[in-house]
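Asks:
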Amino acid sequence: MIVEIGHFALALALGVAFVQALVPLWGVARGDRTLASVGPAAAITCFLLVAASFAALTAAYVRSDFSVENVVANSHSAQPLIYKLTSTWGNHEGSMLLWVLILTLFGALVALSRRSLPVRLRAGALAAQGWVTVAFLAFTLLTSNPFRRMIPAPAEGNDLNPILQDLGLAIHPPLLYVGYVGFSITYAFAVAALIDGRIDAVWARAVRPWTLLAWVFLTLGIAMGSYWAYYELGWGGWWFWDPVENASLMPWLAGTALIHSTVVMEKRDALKVWTILLAILTFSLSLLGTFIVRSGVLTSVHSFASDPQRGLFILAILVFFVGGSLALFAWRAPLLRQGGLFAPVSREGALVVNNVFIATSCATVFIGTLYPLVLEMATGDKISVGPPFFNATFVPVLVPLLLLLPIGQSLAWKRGDLLGAAQRTVWAFGLGILASVALLAVFRGGPVLAPLGIGLGVFLVAGAAFDLGERVVARASGVSAIWSRAVGLPRSAWGTALAHAGVGLSVIGIAAAAWSTEAIGVLKPGERLTSGRYTITLEAISPRTGPNFREEVARFQLSSGDRALGAIEAGKRVYIARNMPTTEAGIRTDGLSQAYVSLGEPQGDGGIAVRLYDKPLILLIWIGAIVMALGGALSLTDRRFRLAAPRRAAPARIVAQPAE
Amino acid sequence: MTATQQPLPATRRRMTRKQRRLMLIGGAGLVLCVAAGLVLVAMRDSIVFFYGPTEIVEKGLTPGTRMRLGGLVEKGSLARGPGQKISFAVTDSKTTMTISYEGLLPDLFREGQGVVTEGVFEGAGRFKADSVLAKHDETYMPREVADTLKKQGHWQPGGAPANTPAKP
Numbered sequence: 000m001i002v003e004i005g006h007f008a009l010a011l012a013l014g015v016a017f018v019q020a021l022v023p024l025w026g027v028a029r030g031d032r033t034l035a036s037v038g039p040a041a042a043i044t045c046f047l048l049v050a051a052s053f054a055a056l057t058a059a060y061v062r063s064d065f066s067v068e069n070v071v072a073n074s075h076s077a078q079p080l081i082y083k084l085t086s087t088w089g090n091h092e093g094s095m096l097l098w099v100l101i102l103t104l105f106g107a108l109v110a111l112s113r114r115s116l117p118v119r120l121r122a123g124a125l126a127a128q129g130w131v132t133v134a135f136l137a138f139t140l141l142t143s144n145p146f147r148r149m150i151p152a153p154a155e156g157n158d159l160n161p162i163l164q165d166l167g168l169a170i171h172p173p174l175l176y177v178g179y180v181g182f183s184i185t186y187a188f189a190v191a192a193l194i195d196g197r198i199d200a201v202w203a204r205a206v207r208p209w210t211l212l213a214w215v216f217l218t219l220g221i222a223m224g225s226y227w228a229y230y231e232l233g234w235g236g237w238w239f240w241d242p243v244e245n246a247s248l249m250p251w252l253a254g255t256a257l258i259h260s261t262v263v264m265e266k267r268d269a270l271k272v273w274t275i276l277l278a279i280l281t282f283s284l285s286l287l288g289t290f291i292v293r294s295g296v297l298t299s300v301h302s303f304a305s306d307p308q309r310g311l312f313i314l315a316i317l318v319f320f321v322g323g324s325l326a327l328f329a330w331r332a333p334l335l336r337q338g339g340l341f342a343p344v345s346r347e348g349a350l351v352v353n354n355v356f357i358a359t360s361c362a363t364v365f366i367g368t369l370y371p372l373v374l375e376m377a378t379g380d381k382i383s384v385g386p387p388f389f390n391a392t393f394v395p396v397l398v399p400l401l402l403l404l405p406i407g408q409s410l411a412w413k414r415g416d417l418l419g420a421a422q423r424t425v426w427a428f429g430l431g432i433l434a435s436v437a438l439l440a441v442f443r444g445g446p447v448l449a450p451l452g453i454g455l456g457v458f459l460v461a462g463a464a465f466d467l468g469e470r471v472v473a474r475a476s477g478v479s480a481i482w483s484r485a486v487g488l489p490r491s492a493w494g495t496a497l498a499h500a501g502v503g504l505s506v507i508g509i510a511a512a513a514w515s516t517e518a519i520g521v522l523k524p525g526e527r528l529t530s531g532r533y534t535i536t537l538e539a540i541s542p543r544t545g546p547n548f549r550e551e552v553a554r555f556q557l558s559s560g561d562r563a564l565g566a567i568e569a570g571k572r573v574y575i576a577r578n579m580p581t582t583e584a585g586i587r588t589d590g591l592s593q594a595y596v597s598l599g600e601p602q603g604d605g606g607i608a609v610r611l612y613d614k615p616l617i618l619l620i621w622i623g624a625i626v627m628a629l630g631g632a633l634s635l636t637d638r639r640f641r642l643a644a645p646r647r648a649a650p651a652r653i654v655a656q657p658a659e
Numbered sequence: 000m001t002a003t004q005q006p007l008p009a010t011r012r013r014m015t016r017k018q019r020r021l022m023l024i025g026g027a028g029l030v031l032c033v034a035a036g037l038v039l040v041a042m043r044d045s046i047v048f049f050y051g052p053t054e055i056v057e058k059g060l061t062p063g064t065r066m067r068l069g070g071l072v073e074k075g076s077l078a079r080g081p082g083q084k085i086s087f088a089v090t091d092s093k094t095t096m097t098i099s100y101e102g103l104l105p106d107l108f109r110e111g112q113g114v115v116t117e118g119v120f121e122g123a124g125r126f127k128a129d130s131v132l133a134k135h136d137e138t139y140m141p142r143e144v145a146d147t148l149k150k151q152g153h154w155q156p157g158g159a160p161a162n163t164p165a166k167p
């Protein structure tokens, strides 16, 4: 019964979404305020219905209701409760329902937000959001219905794919989806602005919190996914330039450009047309990502069973929303009042440089990801574009941007002083050089790129710290003055510095990967294996039984030089329902570094194949991402995004920039 | 416009709107050109083609070519040599290649199932792989492998375990 209610609620939501998509626009066109204000009520109702539907599916999973086809295919009664819950979105149908849930959640949040939005803008945005909701609800109901019954009901389910039975998976998709789907709001606002034909700082201030929110979650989602792949897949890699990974990286890059360009628009009323285009492109890339992941057109290590027919449906959605919005853009953008131009050497000029580089790097990822598809359609040749391509294109485009970042950050608005900015960053730059030289001297003959990359990371972190210091300490005397300046500094300034320092931390972690080492050996109890700084000694191999798996666990003693670091366990599991093996890596965190052990096949002579990695400073990659997200979250709490921000007069309040 | 109303230092000549716009477009164009150059060079040097065993023979590929090779792991062909050395045969049921590989195999590597390997073709039906690609789902068949098998007319879509419910 619950399942039918969920199904019905989902169908009802489709009807409400139609109302949300049509009525507000009609109201705006007729100048009828009552009709125009139907949007918020419809958006909230739609969310409640989808939430009820999602709850119904979750209930079916928790109670192991094997009369539902989706539950049979992806759950098992012996699963721990937490994985019964996460099974809800650990499959195609359920994850589409989660997609729609988050889509409607954002619609409801816009409807509920107390910020004073122009009526036409809110109505237009909710209508555009409504159209996206209609499309994905129709997709879910028509091709991926999670509520299909199975008669007769089998006694037991097929279990969730074992590598998804993990806490990382519990968190990763919801985070990623909030990010992915959150950009739909930015898209909706862009479409609304195009329909309305008016776009100004008010628009930018309305859109920026949503963009930041989506970006924060997407950052966390990608970082979580990367860490999950690192420890779950057992080969110690954290990024493979795989199509599915690129699918999430592209919206992230476009979103990063977008949060920077909206600042320019908000403060200087410039870059309007570009920002609108970027808002459209960001969500288009999210849709493209959904298409790549769901259709299986590109071969990916992360591919799960995929269905070309569903792919076609998503392709139709993709073409409609991307094509439609771009056509609208081509038609309406020339009518938008152009903003002011500005001096090349200024904060806004630096942000344009940021946008140029990030957009270009995004384009290289786009080409590398889709080129195999185009080539195969054109010539029938099958190719794979792997890490060498991206290392040779993406990295060279991004490095100059990172080198310019601290300088741009310390430029003033309107008319910056390049020499002054260079002087302010020279200490940070010196620290970076010092770090590089010191590391080069210590690790003579090692990889050169690692010390250089770490120097760049140090430059970024120090640049962010010095920039803050300059604003807080340099122009205040006495502790109380420093404190009041620190408190008085806008939260967004703290957020910016934090996010940029996070980029630096990630860069350090990525660069240090050049020093990671790997050793493979066959060990019998008592034998040892050394890789880099770490040595493991195999103690024993013993069997163990979990709730829905059998496991062979190898227990090692880990040491680094004379330091004993205790026991570390790595396992090889076989999940009984699917008879599917997984590798459980043994990971020991040592400061910011990790020792990583994974097991291979048992050999005939009582030994077992073992792989040991020394991963120096690897945690910084994800810590950096978390710091970036914290920076974004801090910006989100900035005063001007809370309550009803004063309109148009706001730029006058931005006082804490370095005065020239 | 606000930006142009600021008094500028006498030493610096005021740039016209047109000049500023040109500078912006020129700068962006330069970055794009450099990136396009990088992409073209990388396309030439770091792209790996995918072949099935029969294609390698038919196209008369020269030994030493780097490529991805995909097909089914032949039943009973997996042999573990000394240390981590492994060899197995990949077939599309018409041609068979012997793969040599050193390292750990992914969890879902099984005889009779699809596999994709990357490495160097050594000639005479031998292939030296430096990576064997993993996958996440036991019913998932790499698309290239499916196409290769279809080409040789040996493709049964029902490769999934029998207890999996039929897809709608």
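First to last, the sequence lines map onto chains A and B. So the first sequence is numbered by numbering that gives the first Met the number 0: it starts at 0 and just counts up by one. So the second sequence is numbered by numbering that gives the first Met the number 0: it starts at 0 and just counts up by one. Virtual Cβ for every residue (Gly too), placed ideally from N, Cα, C.
1. From the beta carbon of residue 106 of chain B, is the nearest beta carbon of chain A less than 7 Å away?
2. Residue 22 of chain B versus chain A: which residues are under 7 Å apart at the beta carbon?
3. Please report the residue range of the beta strand (DSSP E) in which residue 531 of chain A lies.
4. Is the region 615 to 625 of chain A touching the region 215 to 227 of chain A in the sense that three or more CB pairs, one from each, lie closer than 8 Å?
5. Using a Cβ-Cβ cutoff of less than 7 Å, which residues in the same chain neighbour residue 45 of chain A once the five nearest sequence positions on both sides are dropped?
6. Which residues of the region 269 to 283 of chain A have a Cβ closer than 9 Å to any Cβ of chain B? Give them in chain order.
7. In whole angstroms, give me the CA-to-CA distance for residue 27 of chain A and residue 163 of chain A.
8. From A:457, A:150, A:584, pick the residue whose C-alpha is nearest to that of residue 435 of chain A; which is it?
9. Who pairs with residue 113 of chain B in a beta bridge, going by DSSP?
10. Please report the distance separating the alpha-carbon of residue 348 of chain A from that of residue 58 of chain B.
11. Quick one: which residues of the region 374 to 402 of chain A get their C-beta closer than 7 Å to a C-beta of chain B? List them in chain order.
12. Any idea if residue 361 of chain A is buried or exposed, counting beta-carbon neighbours within 10 angstroms, 16 or more meaning buried?
13. If you measure from the beta carbon of residue 8 of chain B to each beta carbon in chain A, is any gap under 7 Å?
14. Please check if any C-beta of chain A sits within less than 7 Å of the C-beta of residue 143 of chain B.
15. Do residue 507 of chain A and residue 619 of chain A have their CB atoms nearer than 7 Å?
16. Measure the C-alpha to C-alpha separation of residue 560 of chain A and residue 538 of chain A and round it to an integer number of angstroms.
17. At a Cβ cut of 8 Å, what residues of the region 24 to 55 of chain B count as close to chain A, listed as they run along the chain?
18. Kindly list the residues whose CB is nearer than 8 Å to the CB of residue 155 of chain A, restricted to its own chain and excluding five residues on each side of it in sequence; keep chain order.
19. Kindly indicate which three-state DSSP category residue 86 of chain A falls into: helix, strand or coil?
20. Going by C-alpha distance, which of A:234, A:120, A:380, A:315 is nearest residue 582 of chain A?
21. So, is the C-beta of residue 315 of chain A closer than 7 Å to a C-beta in chain B?
22. Could you work out which residue in A:245, A:55, A:275 is closest to residue 259 of chain A when comparing CA atoms only?
23. Along the region 580 to 604 of chain A, what residues have a CB closer than 9 Å to any CB found in chain B?
24. When the Cα atoms are used, what is the spatial distance from residue 425 of chain A to residue 527 of chain A?
25. CB-CB under 7 Å to residue 279 of chain A, same chain, minus the five flanking residues each way: which ones, in chain order?
26. By Cβ distance below 6 Å, which residues in the same chain neighbour residue 60 of chain A in space, the five residues on each side in sequence not counted?
27. Should residue 209 of chain A and residue 225 of chain A be called a contact, given that it needs their Cβ atoms to be closer than 7 Å?
28. Identify every residue that forms a DSSP beta bridge with residue 553 of chain A.
29. For residue 148 of chain B, count neighbouring C-beta atoms within 10 Å of its own C-beta (all shown protein chains included) and say buried if the count is 16 or more, exposed if not.
30. Establish whether the CB of residue 150 of chain A and some CB of chain B are separated by less than 7 Å.
31. Applying the criterion that 16 or more other CB atoms from any shown protein chain within 10 Å of the CB defines a buried residue, is residue 245 of chain A buried or exposed?
32. Output yes if chain A places a C-beta closer than 7 Å to the C-beta of residue 103 of chain B; else output no.
33. With DSSP as the reference, identify every bridge partner of residue 291 of chain A, one or two as the case may be.
34. Is it the case that the Cβ atoms of residue 341 of chain A and residue 367 of chain A are separated by a distance below 7 Å?
35. Rounded to the nearest angstrom, how far is the Cβ of residue 198 of chain A from that of residue 335 of chain A, given a contact under 8 Å?
36. Along the region 471 to 504 of chain A, where does the CB come closer than 8 Å to a CB of chain B? Name the residues.
Replies: Result, derived from the coordinates:
1. It does; some Cβ of chain A falls within 7 Å.
2. Chain A residues near residue 22 of chain B: 343.
3. Following the DSSP letters along the chain, one finds residue 531 of chain A in no beta strand (DSSP E), marked with neither H nor E.
4. Below 8 Å, enough C-beta pairs join the region 215 to 227 of chain A and the region 615 to 625 of chain A to call them touching: three or more.
5. The answer, listed in chain order, is 12, 15, 16, 19, 103, 106, 132.
6. Close to chain B, meaning a Cβ-Cβ distance shorter than 9 Å, are the following residues of the region 269 to 283 of chain A: 269.
7. C-alpha separation (whole angstroms): 47 Å.
8. Between residue 435 of chain A and the set A:457, A:150, A:584, the nearest pair of CA atoms involves A:457.
9. In the DSSP output, where bridge partners are listed per residue, residue 113 of chain B has B:71.
10. Cα atoms of residue 348 of chain A and residue 58 of chain B: separation of roughly 53 Å, rounded to the nearest angstrom.
11. Against chain B - using a Cβ distance shorter than 7 Å - the residues of the region 374 to 402 of chain A are 380, 381, 382, 383, 384, 385, 387, 388, 391, 392, 395, 396.
12. Its Cβ being crowded by 16 or more others within 10 Å, residue 361 of chain A is buried.
13. A caution first: residue 8 of chain B carries a pLDDT of 47, below 50, which makes its placement in the model unreliable, though a value can still be read off. It does not: the Cβ of residue 8 of chain B has no partner Cβ on chain A nearer than 7 Å.
14. Interface criterion met: the Cβ of residue 143 of chain B is under 7 Å from a Cβ in chain A.
15. Yes, they are a contact pair.
16. The alpha-carbon atoms of residue 560 of chain A and residue 538 of chain A are separated by roughly 18 Å.
17. So the close ones are 26, 27, 30, 31, 33, 34, 37, 38, 40, 41, 42, 44, 45, 46, 47, 48, 49, 50.
18. Only residues of its own chain outside the window of five on either side were considered, and among them 65, 75, 76, 576 have a CB closer than 8 Å to the CB of residue 155 of chain A, listed in chain order.
19. DSSP places residue 86 of chain A in the helix class (H, G or I) of the three-state scheme.
20. The alpha carbon of residue 582 of chain A has as its nearest neighbour, out of A:234, A:120, A:380, A:315, the alpha carbon of A:234.
21. For residue 315 of chain A, the answer is no, since every Cβ of chain B falls outside 7 Å of its Cβ.
22. That would be A:275, whose Cα lies nearest to the Cα of residue 259 of chain A.
23. Taking 9 Å as the cut-off between beta carbons, the residues of the region 580 to 604 of chain A near chain B are 580, 581, 582, 597, 598, 599, 600, 602, 603, in sequence order.
24. Here the alpha carbons of residue 527 of chain A and residue 425 of chain A stand approximately 48 Å from one another.
25. If we look at residue 279 of chain A and ignore the five residues flanking it on each side, its Cβ neighbours are 186, 189, 324, 325, 328.
26. Annotation for residue 60 of chain A: 70, 74, 83, 86, 87 place their beta carbon closer than 6 Å to its own, counting only its chain and skipping 5 residues before and after.
27. No, the Cβ-Cβ distance between residue 209 of chain A and residue 225 of chain A is not below 7 Å.
28. In the DSSP assignment, residue 553 of chain A forms a beta bridge with A:540, A:569.
29. Residue environment for residue 148 of chain B: buried (at least 16 other C-beta atoms within 10 angstroms of its C-beta).
30. Taking a beta-carbon distance threshold of 7 Å, residue 150 of chain A does not count as an interface residue toward chain B.
31. Classification of residue 245 of chain A: buried, given that the 10 Å Cβ count is 16 or more.
32. So yes, residue 103 of chain B belongs to the interface.
33. None, per the DSSP bridge assignment.
34. Not a contact, by the Cβ cut-off of 7 Å.
35. Their Cβ separation, rounded to whole angstroms, is 6 Å, which keeps residue 198 of chain A and residue 335 of chain A in contact under 8 Å.
36. Going along the region 471 to 504 of chain A in chain order, one finds no residue with a Cβ nearer than 8 Å to chain B.
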